[in-house]
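Trainee: For reference, the structure I am asking about is given below.
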Amino acid sequence: MAGVIAQTDPTFVEVAEVWVPEEGRLVLAGGSYGALDAFAETSRGTSFGRGEGLPGKAWAEARPVVLKGFDGSYFRRTEAAKAAGLTSAVAVPVFAGSAFKAVLVVLCGDGPERIGAIEVWEERDGVLHLDDGYYGAARHFEWVSQHTQFPKGQGLVGGVWAARTPILMRDLGSGYRFVRAESAGKAGLTTGLGLPVPAPGGKTYVLTLLSALGTPIARRFEIWDARAARVGAAREAILIDGICAREGALWDDEDERRTTAWKGVVGRVLGSGVPAVETNEQAAHGYSSVVALPIHQGGELSHVVAWYC
Amino acid sequence: MPKEKLVIVGAGMASGRLLEHLFEAEPDRFEVTVFNAEPRGCYNRIMLSPVLSGEKSWSEIVTHDDAWYAAKGVTCRFGEKVVAIDRARKTVSGERGEVPYDRLVIATGSSPFIIPVPGRDLPGVVSYRDLDDTNAMIEACKPGARAVVIGGGLLGLEAAAGLRLRGMEVTVLHLSGHLMERQIDASAGYLLKQDLERRGIDVRLKASTAEILGEGRVEGVRLIDDTEIPADLVVMAVGIRPSTALAAAATLEVGRGILVDAQMRSATDPEVFALGECVEFEGAVFGLVAPLYDQAKVLAKTLLGEDDTFVLRELSTKLKVTGCDLFSAGDFAEGEGREDVVFRDPARGVYKRLVIEGDRLIGAVMYGDTADGGWFHGLIKDRADVSEMRETLIFGPAFQGGEPLDPTAAVAALQPEAEICGCNGVCKGSIVEAIGAGATDLGAVRAKTKASASCGTCTGLVEQILAVTMGGDYAAPKAQPVCGCTDITHEDLRRLIKAQELKSQPAVWQELGWRTPNGCHVCRPAVNYYLLADWPLDYTDDPQSRFVNERNHANIQKDGSYSVMPRMWGGITTPDELRAIADAADRYGVPTVKVTGGQRIDLLGVKKEDLPAIWGDLNAAGMVSGHGYTKGLRTVKTCVGTDWCRFGTQDSTGLGIRLEKMLWGSWTPHKVKLGVSGCPRNCAEATCKDVGIICVDSGFEIGVSGAAGMDVKEVERLAKVATEDEVVEWVVAFVQLYREHAKYLDRPYKWTAKVGMDWVRETLADAATRADLNHRFAISQSVYQRDPWAERTEEQQKRRYLPLADLTLEAAE
Amino acid sequence: MTRDMGWIDIGALDDVPLRGARLVKSRAGCIAVFRTGENEVFATSNTCLHRGGPLSEGIVHDRKVTCPLHNHVYSLETGEVQGADSGRIATYPIRIENGRLLLEAAAIAKADAA
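Protein chains in written order, with UniProt numbering: chain A, 1 to 309; chain B, 1 to 813; chain C, 1 to 114.
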């Protein structure tokens with residue numbers, strides 16, 4: 001599978017953390033901070049009220065929030081972030097219907113070599129527009145994305161929106177006509193994970209993680225289908241798609257892989273309905289960390305997406 | 001001992017699986033040569049669709065790469081076509097030379113069927129079979145480019161979804177009335193179509209391709225109804241057929257495919273075997289992968305000298321379109337002595353149907369919830385006795401007590417913006433809000449929102465919303481449902497068809513949770529009427545949902561013969577018309593000629609097979625159908641008015657003719673009869689008609705909702721107007737209001753009694769409302785004001801009136 | 001019309017409308033040929049037991065037909081009257097082969113003799 005996802009050192013995302021509500025405030029439930037010990041320490045000592053800081057804002061506004069540049073913003077850990085070289089963040093709230101479950105926050109650094117994209121798309125007038133996104137040094141691709149709209153069913157973004165399911169796309173730029181392929185190809189983007197982020201009131205956002213060879217967002221992606229309509233009444237999930245730099249394709253159309261609630265990181269998300277970040281190498285299939293994010297639709301946990309790096 | 005020389009023609013999935021079995025059992029027994037016309041080895045062909053969509057990469061679906069073949073010592077002659085097989089000399093000749101065999105396996109697969117229309121050879125027309133086709137399609141995917149996929153089967157729909165995800169504008173043309181008709185039924189087909197349309201794919205059913213257009217390259221597709229659809233790419237996915245030319249040239253016996261026995265040995269030559277999509281076994285040919293793998297296993301055993309037997313098994317189908325959950329297995333399309341179990345959950349878009357024969361499950365179709373598909377498929381394959389669990393079978397293996405079908409499911413599934421009360425424009429969301437704010441009974445909801453406060457036909461729906469929102473705290477009164485297929489009343493059905501924009505019968509059955517696969521003789525005509533009345537441009541009238549009279553456009557008599565009645569506008573006729581009627585009566589031996597109460601001449605006792613001919617004769621004399629058999633406008637009875645009568649105050653005959661010319665051909669909930677009298681002496685008996693006009697010196701009095709049948713009732717006054725134009729405007733508005741609101745088979749007097757004459761008057765008093773009603777009536781008439789006689793005298797239509805076959809002649813030989 | 005191994009080709013499946021019926025005349029009497037919503041075909045006597053209504057003119061729903069005259073409902077599989085009434089009309093073996101409708105000759109002949 002070399003060529004689709006490479007195993008290299010630098011990563012696009014530096015920090016991933018999960019904030020959960022506890023007595024009306026958001027507290028840190030887990031995180032992957034790499035070597036950024038000081039920032040980790042600061043985070044552990046922080047909590048957010050509804051509307052406070054980035055996690056509190058995602059909670060209050062019930063929508064994913066992209067923040068580029070912390071100075072003078074509502075971001076609360078600016079000093080620590082600066083010291084750690086972090087410049088941007090994306091916060092994704094997790095709702096089960098109208099019940100708020102958690103906020104996942106990822107933080108990224110800057111640098112000319114950092115290529116990738118974390119985007120939030122929003123529906124307006126039946127078409128998906130870019131709400132905001134963090135692209136690192138992929139400036140041209142950022143510009144193209146700001147000037148692209150997706151009708152339902154088209155491209156990764158329109159596909160996720162219309163099919164109401166996470167989608168993992170390969171070869172974003174290499175000879176294939178992805179809607180933004182040319183620019184994606186020039187930027188070196190290869191693999192794209194798109195997932196619906198349902199918000200209370202029936203509104204759905206689409207979050208995409210577009211990963212490049214040089215600075216991958218992840219080296220392993222998994223999509224688990226947990227809908228009762230697919231797996232039955234038991235709290236289980238089926239691995240419907242996945243790709244790994246080491247193991248290659250993770251899907252098998254003849255022999256589906258299943259997991260059950262509370263088994264492994266994905267199982268824990270399945271059981272709790274709350275995202276998880278794990279830095280245990282065994283749990284992370286030999287990678288240094290794994291992020292697993294649940295998607296709740298129509299009153300049930302419908303999917304879990306996981307990415308490892 | 002020298003190795004046995006095994007030559008395999010074809011490197012598809014069955015061929016790959018065969019080699020795996022052989023090398024696993026005896027790695028050194030065979031010296032294998034594999035020919036393949038494609039310049040590559042074996043890959044997972046059924047995963048081409050996700051490669052097309054970009055959801056898989058090519059490298060992920062290669063199952064046997066060059067290194068694998070090399071490691072097994074297989075001589076690969078890929079990209080080389082086989083020219084001939086010489087069975088006498090036991091050699092195979094490729095384009096680059098000959099190779100001897102001890103045993104030969106033909107696995108040439110299948111080729112796409114190309115429909116024989118002009119333009120099929122144009123560049124830009126592709127089939128969908130292999131990687132090259134897939135790449136050709138991907139190449140064509142430029143943003144904004146248009147693709148037309150011909151064929152709404154498994155392959156065509158996967159191609160359409162892939163091309164759409166790649167950013168193309170995609171239209172699917174499908175010949176049949178629903179998608180994938182070989183694998184799923186109309187209800188599942190409806191949900192599938194809806195799913196694809198949500199992705200922005202344009203699906204056209206009953207679409208027959210006449211020609212592929214283009215100068216030098218494809219530019220579009222023309223259908224037989226002359227619709228033209230622009231296209232930069234046309235994908236033909238109408239089916240496949242076994243590739244048998246090579247085998248046939250080698251004088252192997254070929255039917256639809258190469259004939260083989262249960263050991264995969266050719267019927268002709270014991271050293272020649274066939275495998276995969278190119279074979280025919282016990283009359284069956286193969287397109288899905290499961291039986292091909294079974295064949296590969298059997299053939300491996302046969303080649304290894306072991307015993308095994310290939311048997312036909314019930315297959316299951318899945319569609320590889322991300323987000324479409326569809327499953328079908330077994331046989332639900334043919335046979336006798338069967339029982340259906342249907343489960344629908346409109347809110348979740350779920351449809352499940354099981355077909356049980358005797359004590360066995362023989363077929364299953366499911367959409368939206370396929371979790372139990374594998375289990376059902378197992379029961380079908382194993383021919384398991386399901387009599388013990390019959391009642392709860394549809395709930396699957398995890399059944400625990402089961403959930404009863406919820407009669408309010410359809411209402412629960414409504415979107416907040418769905419309009420519940422058409423009179424006052426109140427949507428579900430507002431009602432739910434009002435309930436939340438403390439309006440916990442019908443009266444309070446009415447007071448707060450005005451919902452059901454006018455005509456009242458949505459009362460049932462408002463009560464159901466109360467029930468759904470308040471749960472067990474509210475007990476809705478039980479109302480009379482349409483029929484045993486549903487718990488919904490006629491009034492609710494009408495509102496829901498409008499509120500949910502249901503535009504087909506399968507849409508109604510699914511979204512409103514019908515308990516039967518396709519309705520019954522009670523609900524089908526009603527649903528058909530409601531759909532054609534509400535969606536004249538979108539819905540196509542279904543003759544098979546009409547009572548015999550409307551289907552055959554003539555009244556069936558008790559002896560099975562029919563009556564024929566030409567229209568006489570306002571009761572006026574001419575000597576020529578009378579002569580033509582007399583001639584027709586003679587020619588077709590009409591036993592009875594009767595003048596009717598509606599001022600028409602009725603010919604009774606016409607044989608069905610004579611109908612098109614007698615209509616043709618009357619048509620030729622300038623007459624059209626009198627619609628004496630319809631729930632629609634019947635007659636406008638007039639008196640002679642000012643032309644002749646010394647009491648006449650207005651031109652009642654002229655007005656009657658004008659009204660009849662305006663209204664004829666329209667379908668209504670029940671029959672509609674008009675009368676126009678020139679003075680209050682009322683010779684046209686206008687005061688007991690559905691709509692009656694009395695002319696007076698100062699203008700016209702319009703009365704409605706009279707009756708002179710089982711009930712006798714005088715008309716109620718609707719309005720008094722000054723001009724003929726106003727009469728027409730008011731009458732059309734009234735008829736259209738009746739068409740849009742009344743319960744099927746309620747005459748106007750019954751309907752107005754339910755909604756209240758005050759509401760009718762109030763509604764029609766508004767000039768803008770009358771104008772809207774007139775406009776909508778005109779749209780409907782643009783579709784339905786057609787003479788059925790003229791249409792049914794065409795050759796194609798005529799045949800429907802003849803017996804399908806007459807075996808009395810045959811038997812007499 | 002061709003005869004083949006005891007089955008008589010009476011026409012194409014497509015000649016019978018979906019959820020509809022056509023009439024076949026035979027010396028055994030008139031036979032109604034039905035096509036259900038699922039493309040199954042059935043053949044029964046065309047004559048309603050009640051007042052002789054032509055069943056080929058009835059509404060076809062599920063695997064049943066409703067007589068156009070007075071709404072008596074028959075199972076197309078067994079010929080049994082449904083609901084409160086009782087009685088049974090004749091049914092005839094029929095099958096689809098390559099889009100053609102084949103009616104069993106022997107069954108008609110038997111009825112013929114009877």
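Heads up, the beta-carbon is just placed ideally off N, CA and C, and yes, glycines get one too.
Compare the Cα-Cα distances from K90(B) to each of G97(B), K428(B), T244(B) and D102(B) and report the closest residue.
Mentor: D102(B)
Trainee: Do you know offhand how far G374(B)'s Cα is from L67(A)'s?
Mentor: If you take the alpha carbons of G374(B) and L67(A), they lie about 46 Å apart.
Trainee: Determine the chain B residues that contact G299(A) at a beta-carbon separation under 9 Å, and present them in chain order.
Mentor: Simply none; closest approach about 10 Å.
Trainee: Which chain B residues sit within Cβ distance under 8 Å of K152(A)?
Mentor: R198, R199 and G200
Trainee: Three-state secondary structure (DSSP) at A371(B)?
Mentor: A371(B) carries a coil assignment under DSSP once its states are collapsed to helix, strand and coil.
Trainee: Using DSSP's beta-bridge definition, name the partner residues of F95(A).
Mentor: F100(A)
Trainee: Would you list the residues sitting across from Q149(A) in a DSSP beta bridge?
Mentor: H129(A)
Trainee: Whole angstroms are fine: how far does the CA of R139(A) sit from the CA of K101(A)?
Mentor: 34 Å
Trainee: Cα separation between S563(B) and G632(B)?
Mentor: Spanning the two alpha carbons is a distance of roughly 17 Å.
Trainee: So which residues on chain B does D171(A) lean against when the C-beta distance must stay under 9 Å?
Mentor: The contacting residues are G54, S57 and W58.
Trainee: Counting only C-beta atoms, is G305(B) closer than 7 Å to chain A at any point?
Mentor: For G305(B), the closest Cβ of chain A is not nearer than 7 Å.
Trainee: So, helix, strand or coil for V721(B), using DSSP?
Mentor: strand
Trainee: In whole angstroms, what is the alpha-carbon distance linking T668(B) and A733(B)?
Mentor: 13 Å
Trainee: According to DSSP, is I572(B) helix, strand or coil?
Mentor: DSSP places I572(B) in coil when its eight states are reduced to three.
Trainee: Cα separation between A364(B) and E219(B)?
Mentor: 41 Å
Trainee: Three or more C-beta pairs closer than 8 Å, one from the region 370-388 of chain B and one from the region 309-318 of chain B: is that the case here?
Mentor: yes
Trainee: In chain order, what residues of the region 143-172 of chain B put their CB closer than 7 Å to some CB of chain A?
Mentor: Under the 7 Å Cβ criterion, the region 143-172 of chain B contributes P143, R164, L165, R166 and G167.
Trainee: Kindly indicate the opening and closing residues of the beta strand (DSSP E) around D86(B).
Mentor: V82 to D86
Trainee: For D538(B) and A507(B), I'd like the C-alpha separation in whole angstroms.
Mentor: 13 Å
Trainee: Could you check how far apart the C-beta atoms of G571(B) and T638(B) are, in whole angstroms? I think they sit under 8 Å.
Mentor: 6 Å
Trainee: Tell me the residue span of the alpha helix (DSSP H) that contains P291(B).
Mentor: That run of the alpha helix (DSSP H) goes V289 to L303.
Trainee: So, using beta-carbon positions, are V285(B) and R256(B) closer together than 7 Å?
Mentor: yes
Trainee: Rounded to the nearest angstrom, how far is the Cβ of M236(B) from that of I150(B), given a contact under 8 Å?
Mentor: 5 Å
Trainee: Just mark W644(B) as buried or exposed, buried being the case when its beta carbon has 16 or more other beta carbons within 10 Å.
Mentor: Counting Cβ neighbours within 10 Å, W644(B) comes out exposed, since fewer than 16 surround it.
Trainee: Three Cβ pairs or more, each shorter than 8 Å: is that satisfied between the region 227-242 of chain A and the region 386-399 of chain B?
Mentor: yes
Trainee: Going by CA-CA distance only, name the one from S176(B), K671(B) and S652(B) that's closest to N549(B).
Mentor: K671(B)
Trainee: Can you grab the Cα-Cα spacing for the pair E419(B) / A140(B), in whole Å?
Mentor: So the alpha carbons of these two residues sit roughly 43 Å apart.
Trainee: Under a Cβ-count criterion, where at least 16 other Cβ atoms within 10 Å of its own Cβ denotes burial, should L312(B) be classed as buried or exposed?
Mentor: exposed
Trainee: Are D255(A) and I238(A) closer than 7 Å when you measure CB to CB?
Mentor: no
Trainee: On a CA-only basis, which of E724(B), L163(B), E716(B) and A347(B) is nearest S698(B)? Give me that one, please.
Mentor: A check of alpha carbon separations from S698(B) across E724(B), L163(B), E716(B) and A347(B) identifies E724(B) as the nearest.
Trainee: Using C-beta distances below 8 Å, list every residue in its chain close to Y69(B), excluding the 5 sequence neighbours before and after it, in chain order.
Mentor: V34, G41 and C76
Trainee: Considering only C-alpha positions, which residue in the set D195(B), K754(B), G189(B) and Y474(B) is nearest to residue 852(B)?
Mentor: For residue 852(B) there is no data in the structure shown, the boundaries of chain B being 1 and 813.
Trainee: At 8 Å on the CB atoms, spell out the chain B contacts of T165(A), in chain order.
Mentor: T322 and G323
Trainee: How long is the line joining the alpha carbons of L304(B) and L18(B), rounded to whole angstroms?
Mentor: 11 Å
Trainee: Measuring CA to CA, which of G37(C), R51(C) and E77(C) is closest to T516(B)?
Mentor: G37(C)
Trainee: What residue from R227(A), S88(A), P200(A) and L189(A) has the CA that sits closest to L213(A)'s CA?
Mentor: L189(A)
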